[in-house]
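Taking it in order: structure first as structure tokens, then the write-up.
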Amino acid sequence: MATSSGFSQSPFDVIDIRREDLDGSLLKLMLKCLEPDDNGPRTLPTLILYDEAGLKLFEEITFLDEYYLTNAEIQALETHARGIAQHLPEGSRLVELGSGNLRKVDILLSAFEESKKAIEYFALDLSLPELRRTLSAIPAGTYHYVRCAGLHGTYDDGLAWLKRTKDAAKATCVLSLGSSIGNFSRSDAAEFLHRFAEVLGPQDSLLIGLDSCQDGDQIFRAYNDSKGVTQAFYRNGLTHANRLLGYEGFKQNEWDVVGRYDEQLQGHEAHYRALVDVSIDSLYIPAGSKIHLETAYKYSRGQMTDLWHASGLIHQAAFGNQKGDYNIHLLSPAAKPYPTKPEDYVARPVPSLKDWQGLWAAWDTVTRGMTATGELLTKPIKLRNDLIFYLGHIPSFCDIQITKATGRKHTEPVAYAAIFERGVDPDVENPELCHKHSHIPDTWPPLLDIIQYQDRVRNRVTSLITSGEADSNRNVGRSLWLAFEHEVMHLETYLYMLLQSSNIVPPPGSTTPDFEGLHTASETNAVPNQWFRIPKQEVRIGLQDPENDSGPERYFGWDNEKPPRNVVVGEFEAQGRPISNGEYARYLQATNKTAIPASWAITESSNKCMNGSVNGKILNDVTSSNQNGTDDLGQKFLKDISVRTFYGPIPLQYALHWPVMASYDELAAYAKWSDGRIPTLEEARSIYSYAEASKKGQEEEVSSSLISAVNGHLSNDGVEETPPQGRGLTRLPEQSGKQDINGQNIFIDLTGCNVGFQNWTPTAVTPHGNRLCGQSDFGGVWEWTSSVLQKWDGFEPQKTYPEYTADFFDGKHNIVLGGSWATHPRIAGRKTFCITNEASHYQRHLTIAKLVNQLHSFGGGDQRTHVRKKKKSVGQNNGDENQSMYDDQSTHDESTITDLSSNDLRTLGEALGYSSDINERSQSPSERRASRKTMKDKKNQEKAFKNQQKFDSSVTQAQIDRVARVIHGAQYNVDGKGGHPRTETNDDGDIFNRDDTFNPAIKEHMSWLQRQVKVSRTRNGKRGADALRIQQDKDAQNGLPVQKQDIEELVSGILVQLGIHSHKGPHARSTHTDSLAPRSKKQTVSVVLQLRKEIAADIEKSENEARARQQRMEGYWRYVNETVTDRLANNAQSVDRATGMRLKGDAGRGTSAQRLEKLDHREDMDGQDEGPEETG
1 MATSSGFSQS PFDVIDIRRE DLDGSLLKLM LKCLEPDDNG PRTLPTLILY
51 DEAGLKLFEE ITFLDEYYLT NAEIQALETH ARGIAQHLPE GSRLVELGSG
101 NLRKVDILLS AFEESKKAIE YFALDLSLPE LRRTLSAIPA GTYHYVRCAG
151 LHGTYDDGLA WLKRTKDAAK ATCVLSLGSS IGNFSRSDAA EFLHRFAEVL
201 GPQDSLLIGL DSCQDGDQIF RAYNDSKGVT QAFYRNGLTH ANRLLGYEGF
251 KQNEWDVVGR YDEQLQGHEA HYRALVDVSI DSLYIPAGSK IHLETAYKYS
301 RGQMTDLWHA SGLIHQAAFG NQKGDYNIHL LSPAAKPYPT KPEDYVARPV
351 PSLKDWQGLW AAWDTVTRGM TATGELLTKP IKLRNDLIFY LGHIPSFCDI
401 QITKATGRKH TEPVAYAAIF ERGVDPDVEN PELCHKHSHI PDTWPPLLDI
451 IQYQDRVRNR VTSLITSGEA DSNRNVGRSL WLAFEHEVMH LETYLYMLLQ
501 SSNIVPPPGS TTPDFEGLHT ASETNAVPNQ WFRIPKQEVR IGLQDPENDS
551 GPERYFGWDN EKPPRNVVVG EFEAQGRPIS NGEYARYLQA TNKTAIPASW
601 AITESSNKCM NGSVNGKILN DVTSSNQNGT DDLGQKFLKD ISVRTFYGPI
651 PLQYALHWPV MASYDELAAY AKWSDGRIPT LEEARSIYSY AEASKKGQEE
701 EVSSSLISAV NGHLSNDGVE ETPPQGRGLT RLPEQSGKQD INGQNIFIDL
751 TGCNVGFQNW TPTAVTPHGN RLCGQSDFGG VWEWTSSVLQ KWDGFEPQKT
801 YPEYTADFFD GKHNIVLGGS WATHPRIAGR KTFCITNEAS HYQRHLTIAK
851 LVNQLHSFGG GDQRTHVRKK KKSVGQNNGD ENQSMYDDQS THDESTITDL
901 SSNDLRTLGE ALGYSSDINE RSQSPSERRA SRKTMKDKKN QEKAFKNQQK
951 FDSSVTQAQI DRVARVIHGA QYNVDGKGGH PRTETNDDGD IFNRDDTFNP
1001 AIKEHMSWLQ RQVKVSRTRN GKRGADALRI QQDKDAQNGL PVQKQDIEEL
1051 VSGILVQLGI HSHKGPHARS THTDSLAPRS KKQTVSVVLQ LRKEIAADIE
1101 KSENEARARQ QRMEGYWRYV NETVTDRLAN NAQSVDRATG MRLKGDAGRG
1151 TSAQRLEKLD HREDMDGQDE GPEETG
């Protein structure tokens, strides 16, 4: 008998899941199909074929030799049943749609029984008598591990039942054998499967049979058999229709059954054709009219791929017959948005099986559902591995960590650990320098072998969790946590690389967003970007996580999150939200720059150059005072530029309100143009802490007497007393910055944040300018900080992964925070998490600026004290109108500064390591010389170098920018005009005359330097750094060593511009005069030599970076093959394949197929990095 809910002890009970009377609902559907509202063709629902009599006739069809489908299906099941059973976890429930008899499914159930894997089998059918007959045919005692029951209802009833009975602890597999899906139209089939995909969770799956036969004659005979069984089956449909009507509306002698194979549709069609005029109540059907009954569609490989993608399903495996024209496909639902509340996304320190299943679904969605055929053996980033490497790297790294923790054997094949453990991650500045990495084989293992290896490792993870070992053994739990977050980070890495591919595949099951409509809404809702004062507060950075198996349960962290430390951050100001694309576009227009972020693209009609750099997902967080509308942006600019997405490039005008994704250098230049800077790590953490606290308080207006910094901007380097015109100032209620590190407060509520696949693109930020955006609230992008990754007190490399952070203490990487639209909440929501991105220009220029400061300090009398005062420093001549370029701009709270006496100044000078006594300028030169002589006797060289750190801390952003402009020219100039600053004027003499602070001795060297530089220009035909590169290339081609004289000449000119008056060479002379207090010549020469070395290295590295950018822009296409390059040429891609250089003239038209940018967020390429560091 049928029951209303779960089955009882009897294994043969039937559950009534009907929501309404089947006959009544089918009659309504039939009448609607006969008289469609849209005046479309008349049809009859296929359900009329499957009453009790129809099911018996169909069962008879399956035994016909001409009906090839059944034999093909049985062959596939007999061959692969054990393999299918292995894919379903213990305790699963198997729900078959349209079960019929158990002839075929019994093969699969027997495989579960033989493997002693307990499952529950539910047979869904709309005929109660047939369900009872089928289940009663199972001999008692046949199954011990398989429990059977029936579900009485339609497919829709089954879907509703799955929703009601969903159990997160129990996996569900929806089974559809035969080729029932083929009876839907292709669009309806996708919709039907998508409805089930939406209900199923990441632990669930589907087994779908599809007919791929392309033999038209064989297909026709299968549906038009010689015995006429199929004809009887179709005619029974008319009998069933009459029963529903209650009278004989369809007389058998008035209708014919017509079947034919349509090659264009790739399917067999069946119709009822009226032999005479027919009237059914008010319905008139003239003779010869057809009523469509069904089309049995056949699926080619490409059509199957389209079906899975449209359904939101990820293809995992195919189990076919020997001929290969019938397959049972194992599918899983595509990734769904991760939860955003801490109690859901991080309930325990060790990721749960549900967490893993959600991550696996996302990984499979990207690697299988969004990676085009053939792309796995390509290198979107030339200096990295093929994409297929990462499919093996993820399970291999996980298996290695588990093996370390458990002491057990590796998962087979063991050899995978040798080729997949760690990827290639070379130094961008010199690709020949690369850390230790796995051996790269001549040929990667077959994809199927890698996937099977992945499945075995996933089963190992599942076993450790379900057995309880992951919770009882902290080492095992830590290894699983580490492998989990490693996979999370590499998922973004993979997306970052995939977006650069020429074949962009949208997320499975998703529809393209209405970008135009979303832009219109953002334009309407945009508000001014307010300024918020962040009070002085103590911020907790890091967490307590000793890497041992003792102590209480705790959340894990990477080595760059430890140890915990408290930092007091002074009061400063931040704007509410990050920079938008529209604001960055205005900056480019205002400065006449042609280089664009690599997250943008050039449209086909544009002839603009494209920046080869990309951050992927990191960005600064402030805007200028401009509005976000399009009225002040040129239409040509908007037309020429697009933004790259996984839905293809979209016009920039539709993404103006999104946060801009750019490199550190690009954003630092924008910040300077906007009178600001990028925040430090500590400042960003302070902003996050205050933003979180502000959600609980109310805003109040305050006065604007002090502005020290902004989130990403520093107004006039912190000396502004009032906000710029039009900027409002809002103060939030003060909160304590202290935080207790425990499971309740190291993770934040991410509700409303664009992380964890809530969207597959960034989202608008301009409507949020009236509130302070906190951690991971940047519209789906990461946040840059200006803090360089450096080893700190208490840092200890992670025992299980010592290279994770230690490999990148090279001064080239900046810390980034937050998360992107693709970041898992465990990372995006953890207050202590950070990663690094390369920003090498900044660190090199900082080092040079420190050395310049040191040399200037040796002169003593003209050096300002490194103490913040908004008025002129006491060490500055009030009558001197020509301040040094290295005068320090304030970076400290002005309220801490007091007037200093002469004794105070002298004491301060001693503490800072100056070689002169610091006194008022009222002293005479002779008095100063006497004071310096006294001080020199008191100090020694060791003391001076010991205090060098204090010189380092005095370097300002203005000084670093000055170094950048001098060495690299227009790359750091607002006007964006090209050329090296050494040659940015028409006359070399202008360079020397331009700076009135130069020592007269410089002019004695001027003619010699001019002659040397002009000789170099004549020889190379170029100037400055360009000349250096060309000459190096020529020498290399001729097998000659690079001439160092070129660099020496250039460095000498740079030293002149930096105000350093000592030059290497026969004409070098001392800069010291009687009016200055010199250091020892030995010390001065030592620092000058070091400075020359640093400048030369910076020039060479910049040239390497330029070459690397050229390789990244064009090398990939040359790498693929000539065919792809020729295709690009046909699309007007202006690249010379032999050289990779862009062509000039009419051939210089860019295309939208140019290299796509890196999204991910951690991966900067504009002279910084080839992508995120390998995390495994």
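Counting from 1, position 859 in the sequence shown corresponds to residue 859 in UniProt numbering; the numbering is continuous, with no gaps.
Glycine included, C-beta positions come from ideal geometry on N, C-alpha and C.
Check                                                                                                                                                                           : Outcome
Please confirm if the stretch 95 to 104 is in contact with the stretch 344 to 355, defined as three or more CB-CB distances below 8 Å between the two stretches.                : no
What did DSSP end up calling P333 once you bin it into helix, strand or coil?                                                                                                   : strand
Have a look at R577, Q544, V852 and flag the residue whose alpha-carbon is nearest the alpha-carbon of R565.                                                                    : Q544
Around the Cβ of S922, are there at least 16 other Cβ atoms within 10 angstroms (buried) or fewer (exposed)?                                                                    : Low local confidence applies: a pLDDT of 41 at S922 is under 50, so the model's placement there is unreliable, and no value is given.
For a test of the three-state rule: what should DSSP assign to S205, helix, strand or coil?                                                                                     : strand
Give the straight-line distance between the Cα atoms of I15 and A85, rounded to the nearest whole angstrom.                                                                     : 25 Å
Mapping DSSP to helix, strand and coil, what is P552?                                                                                                                           : coil
So the alpha helix (DSSP H) H240 belongs to, where does it begin and stop?                                                                                                      : 229 to 245
Does the Cβ-Cβ distance between P506 and H194 come in under 9 Å?                                                                                                                : no
Could you tell me whether the Cβ atoms of E421 and I450 are closer together than 9 Å?                                                                                           : no
Taking all protein chains shown into account, decide if R19 is buried (16 or more other Cβ within 10 angstroms of its Cβ) or exposed.                                           : exposed
So does the stretch 653 to 666 actually touch the stretch 566 to 582, counting three or more Cβ pairs closer than 8 Å?                                                          : yes
Which ranges would you report for the alpha helix (DSSP H) in the UniProt domain "DinB-like" (359 to 493) if only whole runs of at least 4 residues count?                      : 387 to 406, 416 to 420, 447 to 466, 469 to 472
Which full runs of the alpha helix (DSSP H) of 4+ residues lie inside the stretch 508 to 533, going along the chain?                                                            : 515 to 525
Can you give me the C-alpha to C-alpha distance between L131 and R103, rounded to a whole angstrom?                                                                             : 13 Å
Do the stretch 286 to 297 and the stretch 149 to 160 touch if we need at least three Cβ pairs shorter than 8 Å?                                                                 : no
So G182 packs on D211, CB below 8 Å; how close in whole Å?                                                                                                                      : 6 Å
State the beta-bridge partners of T836 as determined by DSSP.                                                                                                                   : I815
Leaving aside the five residues before and after E113 along the sequence, list all residues of the same chain whose C-beta is less than 6 Å from its C-beta, in chain order.    : Y143, Y145, V146
So the candidates are A347, A958, Q775, F12; which of them puts its Cα closest to the Cα of G576?                                                                               : Q775
Do three or more CB pairs link the stretch 810 to 830 to the stretch 746 to 762 at distances below 8 Å?                                                                         : yes
Indicate whether V643 and A590 have their beta-carbon atoms separated by less than 9 Å.                                                                                         : no
What's the call for S282, buried or exposed, on a 16-neighbour Cβ count within 10 Å?                                                                                            : exposed
With distances taken between CB atoms, is the gap from K227 to L126 smaller than 9 Å?                                                                                           : no
Below 8 Å on the Cβ atoms is my contact criterion, and I expect P380 with T761 to pass it. Report the Cβ-Cβ distance as a whole number of Å.                                    : With 8 Å as the limit, P380 and T761 do not qualify as a contact, their Cβ atoms being about 19 Å apart.
Within a Cβ cutoff of 7 Å, which residues of the same chain sit near V278, ignoring the five residues on either side of it in sequence?                                         : E254, I285
For G249, report the span of its beta strand (DSSP E) as first-last.                                                                                                            : Counting along the chain, G249 falls outside any beta strand (DSSP E), and DSSP gives it neither H nor E.
I'd like the span of the beta strand (DSSP E) that includes A791, first residue to last.                                                                                        : As written in the sequence, residue 791 is Lys, which differs from the Ala given in the question. Element bounds for K791: n/a, residue is neither H nor E.
Identify whether F196 lies in helix, strand or coil by the three-state DSSP scheme.                                                                                             : helix
Assuming N814 contacts G780 under a Cβ cut-off of 8 Å, what Cβ separation, rounded to an integer in Å, is found between them?                                                   : N814 to G780, Cβ: 20 Å. No contact.
In chain order, what residues of the same chain lie with their CB nearer than 8 Å to the CB of E52, ignoring the 5 residues before and after it?                                : S127, P129, E130
Could you tell me which residues DSSP pairs with I285 in its beta bridges?                                                                                                      : V278
Pick helix, strand or coil for V568, following the three-state DSSP scheme.                                                                                                     : strand
Specify whether the stretch 191 to 206 and the stretch 333 to 343 touch according to this definition: at least 3 beta carbon pairs, one from each stretch, less than 8 Å apart. : yes
Give the DSSP bridge partners of N327, in chain order.                                                                                                                          : L210, G320
Classify I827 as helix, strand or coil using the three-state DSSP reduction.                                                                                                    : helix
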